[in-house]
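**Student:** Here the protein sequences come in this chain order: G and A. Everything in the first sequence is counted per this note's numbering, starting at 1 for the first residue and increasing by one. Everything in the second sequence is counted per this note's numbering, starting at 1 for the first residue and increasing by one. Glycine is no exception: its CB is placed at the ideal position from the N, C-alpha and C atoms.
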Amino acid sequence: MTGPATAPAIRAVGLRRSYGRLLVLDGIDIEVGAGTVFALLGPNGAGKTTTVNILSTLIPAHGGDVQVAGHDVRREPDAVRATIGVTGQFSAVDALLTGEENLILMADLRHLGKRAGRKRVAALLEQFDLLDAAKKPVQTYSGGMRRRLDLAMTLVGDPRIIFLDEPTAGLDPRSRRVMWQIVRDLVAGGVTIFLTTQYLEEADRLAGRIAVLDGGKIVAEGTPDELKRLVPGGHFRLEFADAADLDKAARAFADASRDDEALTLQVPSDGGVGSLRNLLDRLDKESIVVGGLSVQTPDLDDVFLSLTGHDGKQKAAAR
Amino acid sequence: MNPLSIYLTDSATMLRRNLRHMRRYPMFFFIAGIPIVFLLLFVFVLGGTLGAGLGGVAGGRAEYVAYVIPGILLVTVSGGAQGTAISVAMDMTEGIVARFRTMSISRASFLSGHVLANVLQTMAAVAIVVVVALVIGFRPTTGPIEWLAAIGLLALSALALTWISVALGLVSKSVETASNLPMPLLLLPFFGSGFVPTASMPDPLRWFADNQPFTPIIETVRRLLLGGEISSTGLIAVAWCVAITLVGYLWARRLYDRDPAR
Numbered sequence: 001m002t003g004p005a006t007a008p009a010i011r012a013v014g015l016r017r018s019y020g021r022l023l024v025l026d027g028i029d030i031e032v033g034a035g036t037v038f039a040l041l042g043p044n045g046a047g048k049t050t051t052v053n054i055l056s057t058l059i060p061a062h063g064g065d066v067q068v069a070g071h072d073v074r075r076e077p078d079a080v081r082a083t084i085g086v087t088g089q090f091s092a093v094d095a096l097l098t099g100e101e102n103l104i105l106m107a108d109l110r111h112l113g114k115r116a117g118r119k120r121v122a123a124l125l126e127q128f129d130l131l132d133a134a135k136k137p138v139q140t141y142s143g144g145m146r147r148r149l150d151l152a153m154t155l156v157g158d159p160r161i162i163f164l165d166e167p168t169a170g171l172d173p174r175s176r177r178v179m180w181q182i183v184r185d186l187v188a189g190g191v192t193i194f195l196t197t198q199y200l201e202e203a204d205r206l207a208g209r210i211a212v213l214d215g216g217k218i219v220a221e222g223t224p225d226e227l228k229r230l231v232p233g234g235h236f237r238l239e240f241a242d243a244a245d246l247d248k249a250a251r252a253f254a255d256a257s258r259d260d261e262a263l264t265l266q267v268p269s270d271g272g273v274g275s276l277r278n279l280l281d282r283l284d285k286e287s288i289v290v291g292g293l294s295v296q297t298p299d300l301d302d303v304f305l306s307l308t309g310h311d312g313k314q315k316a317a318a319r
Numbered sequence: 001m002n003p004l005s006i007y008l009t010d011s012a013t014m015l016r017r018n019l020r021h022m023r024r025y026p027m028f029f030f031i032a033g034i035p036i037v038f039l040l041l042f043v044f045v046l047g048g049t050l051g052a053g054l055g056g057v058a059g060g061r062a063e064y065v066a067y068v069i070p071g072i073l074l075v076t077v078s079g080g081a082q083g084t085a086i087s088v089a090m091d092m093t094e095g096i097v098a099r100f101r102t103m104s105i106s107r108a109s110f111l112s113g114h115v116l117a118n119v120l121q122t123m124a125a126v127a128i129v130v131v132v133a134l135v136i137g138f139r140p141t142t143g144p145i146e147w148l149a150a151i152g153l154l155a156l157s158a159l160a161l162t163w164i165s166v167a168l169g170l171v172s173k174s175v176e177t178a179s180n181l182p183m184p185l186l187l188l189p190f191f192g193s194g195f196v197p198t199a200s201m202p203d204p205l206r207w208f209a210d211n212q213p214f215t216p217i218i219e220t221v222r223r224l225l226l227g228g229e230i231s232s233t234g235l236i237a238v239a240w241c242v243a244i245t246l247v248g249y250l251w252a253r254r255l256y257d258r259d260p261a262r
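What follows is the structure, encoded as structure tokens:
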């Protein structure tokens, strides 16, 4: 790596980008420490992919300064490219080649030399559980296999900074867990990871720091715990048999929000056992008959409700 | 490594990639087959009448075989170039190009790989067309030096037309458009001296036919294979090829380097 050891792996200041008249990134600041995992969390259309594309030199920014591995992405794109690996949202594999040929292509383009290249390719095929499929054309691969090959191709040159744009979108739960483990192993090896995701859980499990991107601005940033404290989205969901019971309950819990159509009441809470006991005691005392009860933990919608005052999904659809 | 050796190494890697594509999904059958069909059609269906109009001593079909081969060879070259527009456009719809763009590789190598692979494929098709021509009675009258020069000029025109075709593939928003845009290249040998002498055409068309790039190239190939003075025509042919290569290369580079997300 170049640059002083204390320098951040990625630093963006006042990053702006628009498509035609549509402003997609409205001056965002990002700093990612070397050897850490940073998650950019946001709904579809928030500007996550645009951010990755700019940081990885694929498209130019329209304003702001970006340094990756200590190099300016505009002035020294090749120095940046030599340090990074990118796995985009859409599979960046050559479907007409076999898995092994794809990896050899990467090894040759990284100038690893024939012997070292083949050795690295063999190791990656094994590590990513692609040995059986190595000689088959990628066209025959499943979604999970493609994604694994895609990431393996990114790793051929041992990049020190890796961008993963929604690495688990569309994967089944098992493949998702495999992907998470791969990310953890990379971090253990000292690699810096910048990932984007729509899933709070994923950001929570992998990242040391999370930034929430919405409408082209970063609306919150911090460790997962700091972020969760900002999000009082956890609640108990109470179901009622009739409107009279709902009325009664709504009077008892002033801070709750009611849904007259579904006959439900959402009582904000941290979701802990203590508050559940309090809730049940209260219901008992007021003699409220409850049809059903469920515990809801905060999800991305809650993050957006509390941080931006709107539902992330609706916002995305309106764009 | 210096920039030139990086360019050469990366282009060789990309060339291997494109040759693999060609081997697995062969368009070669069409690239060699279509000019052969044209050749047979023009010689055996139209050749008797067209040959009589040439006004030579031998007359008829035998004379027309000799006349039409250079035109057919140029049709082979244009048809071959057309395939590149399609394969480039197909690549541009895939994520792999985004990967190449974020890698520290020679940027032109992706395009050069397509071009080199296609020139090789086109020249292989030219070789097959020549074999068929010899079988149906084409008898070149010149020596090996002239043959080599003719092959060189055909390769140079393949290079020129392929670079134009790469640019057409990049400018196309879909694979369908890319397969249609290079069509004029395929027609140009007909609007030149490829199939009948330009002297037989009405004046405005004749002016166009005499001054478009295919005519000097076809004439030079014809004289290299059958004898004749080539001095100024040959220079004009080479100049056209160099100019078209340059325009195609610069246009393609510019299209490839523009912001992919505009």
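Tell me which residues share the same chain as ILE136/A and place their Cβ nearer than 7 Å to its Cβ, disregarding the 5 neighbours each side in the sequence.
**Tutor:** Excluding residues within five positions, the ones whose Cβ falls inside 7 Å are VAL43, VAL65.
**Student:** If we call anything under 7 Å between Cβ atoms a contact, is VAL187/G one with VAL13/G?
**Tutor:** Not a contact, by the Cβ cut-off of 7 Å.
**Student:** Could you work out which residue in LEU161/A, ARG16/A, VAL119/A is closest to TRP251/A when comparing CA atoms only?
**Tutor:** If we check each option's Cα against that of TRP251/A, LEU161/A comes out closest.
**Student:** Below 9 Å between beta carbons is the criterion; list the residues of the segment 69-96 of chain G that meet it against any residue of chain A, in chain order.
**Tutor:** Those would be PRO77, ASP78, ALA79, VAL80, ARG81, ALA82, THR83, ILE84, GLY85, VAL86, THR87, GLY88, GLN89, PHE90, SER91, ALA92, VAL93, ASP94, ALA95, LEU96, in chain order.
**Student:** According to DSSP, simplified to helix, strand and coil, what is ARG319/G?
**Tutor:** Here ARG319/G scores only 35 on pLDDT, less than 50, and its place in the model is too uncertain to base an answer on.
**Student:** For the putative contact between ILE193/G and ILE218/G, defined by C-beta atoms under 8 Å, what is the C-beta separation to the nearest angstrom?
**Tutor:** So it is not a contact: roughly 18 Å between Cβ atoms.
**Student:** With a threshold of 16 other CB atoms inside 10 Å of the CB of GLU166/G, please say whether the residue is buried or exposed.
**Tutor:** Buried: at least 16 other Cβ atoms inside 10 Å.
**Student:** How long is the line joining the alpha carbons of GLY170/G and GLN212/A, rounded to whole angstroms?
**Tutor:** When rounded, the distance between both Cα atoms is 54 Å.
**Student:** Is the CB-CB distance between SER11/A and SER112/A below 7 Å?
**Tutor:** Cβ atoms of SER11/A and SER112/A: closer than 7 Å.
**Student:** Compute the Euclidean distance between the alpha carbons of ASP158/G and ARG205/G, then round it to the nearest angstrom.
**Tutor:** Distance between the alpha carbons of ASP158/G and ARG205/G: 24 Å.
**Student:** Since ASN118/A and ALA81/A are thought to touch, with beta carbons under 8 Å apart, how far apart are those beta carbons, to the nearest angstrom?
**Tutor:** Contact holds; Cβ gap of about 7 Å.
**Student:** Would THR57/G count as contacting chain A if we go by Cβ distances under 7 Å?
**Tutor:** Closer than 7 Å: yes.
**Student:** Quick check: what's the CA-CA separation for GLY63/G versus ARG74/G?
**Tutor:** Cα to Cα, GLY63/G sits roughly 11 Å from ARG74/G.
**Student:** Report the neighbours of ARG108/G on chain A: residues whose CB is nearer than 7 Å to its CB, in chain order.
**Tutor:** It is Asp, not Arg, that sits at residue 108/G in the sequence shown. Residues of chain A passing the Cβ test: THR13.
**Student:** What residue ranges within the segment 102-144 of chain A form continuous alpha helix (DSSP H) runs of no fewer than 4 residues, ordered along the chain?
**Tutor:** Counting only runs of 4 or more, we get 109-135.
**Student:** At a threshold of 6 Å, does SER175/G count as lining the ligand GTP (C-beta to nearest heavy atom)?
**Tutor:** This structure lacks the ligand GTP, and indeed carries no ligand of any kind.
**Student:** Among THR102/A, MET92/A, LEU188/A, whose alpha-carbon lies nearest the alpha-carbon of ARG81/G?
**Tutor:** Selected option, being the one with the closest Cα: THR102/A.
**Student:** Buried or exposed for ASN2/A, please, with buried defined as at least 16 other CB atoms from any protein chain shown within 10 angstroms of its CB.
**Tutor:** The residue in question, ASN2/A, is exposed, as its Cβ has fewer than 16 Cβ neighbours within 10 Å.
**Student:** Does the contact criterion of 3 or more C-beta pairs under 8 Å hold for the segment 193-202 of chain A versus the segment 70-85 of chain A?
**Tutor:** Yes, the segment 193-202 of chain A touches the segment 70-85 of chain A.
**Student:** Does the distance from the CB of VAL221/A to the CB of ALA89/A come in under 7 Å?
**Tutor:** No, these two residues do not count as a Cβ contact at 7 Å.
**Student:** Measure the beta-carbon distance from THR76/A to VAL126/A and round it to whole angstroms, keeping in mind my assumption that it falls under 8 Å.
**Tutor:** Sure, about 5 Å apart at Cβ, within 8 Å.
**Student:** Where in the segment 13-68 of chain G do unbroken runs of the beta strand (DSSP E), each at least 3 residues long, occur, reported from the N-terminal end onward?
**Tutor:** As far as the segment 13-68 of chain G is concerned, its whole beta strand (DSSP E) runs of at least 3 residues are 22-32, 37-41, 63-68.
**Student:** Would you say ALA167/A and LEU255/A are within 7 Å of each other, going by their C-beta atoms?
**Tutor:** In this structure, LEU255/A lies closer than 7 Å to ALA167/A by Cβ.
**Student:** Could you name the residues that DSSP lists as bridge partners for LYS295/G?
**Tutor:** Note that residue 295/G is Val in the sequence shown, not Lys. Answer by DSSP bridge pairing, in chain order: PHE236/G.
**Student:** List the whole-angstrom C-beta distance separating ILE164/A from ILE244/A, where the pair is believed to meet the contact cut-off of C-beta under 8 Å.
**Tutor:** With 8 Å as the limit, ILE164/A and ILE244/A qualify as a contact, their Cβ atoms being about 6 Å apart.
**Student:** Measuring only between beta-carbons, confirm whether PRO60/G sits less than 7 Å from chain A.
**Tutor:** Cβ-Cβ to chain A under 7 Å: yes for PRO60/G.
**Student:** Mind checking whether ALA39/G and ILE182/G have CB atoms under 7 Å apart?
**Tutor:** No, Cβ-Cβ distance for ALA39/G and ILE182/G is not below 7 Å.
**Student:** Output needed for HIS235/G: all residues of its chain with C-beta closer than 7 Å, excluding positions within five of it in sequence on either side, in chain order.
**Tutor:** Only GLN266, VAL267, PRO268, SER269, GLN296 meet the Cβ criterion.
**Student:** Using the beta-carbon count (16 or more within 10 Å), is ASN278/G buried or exposed?
**Tutor:** Label assigned to ASN278/G: exposed.
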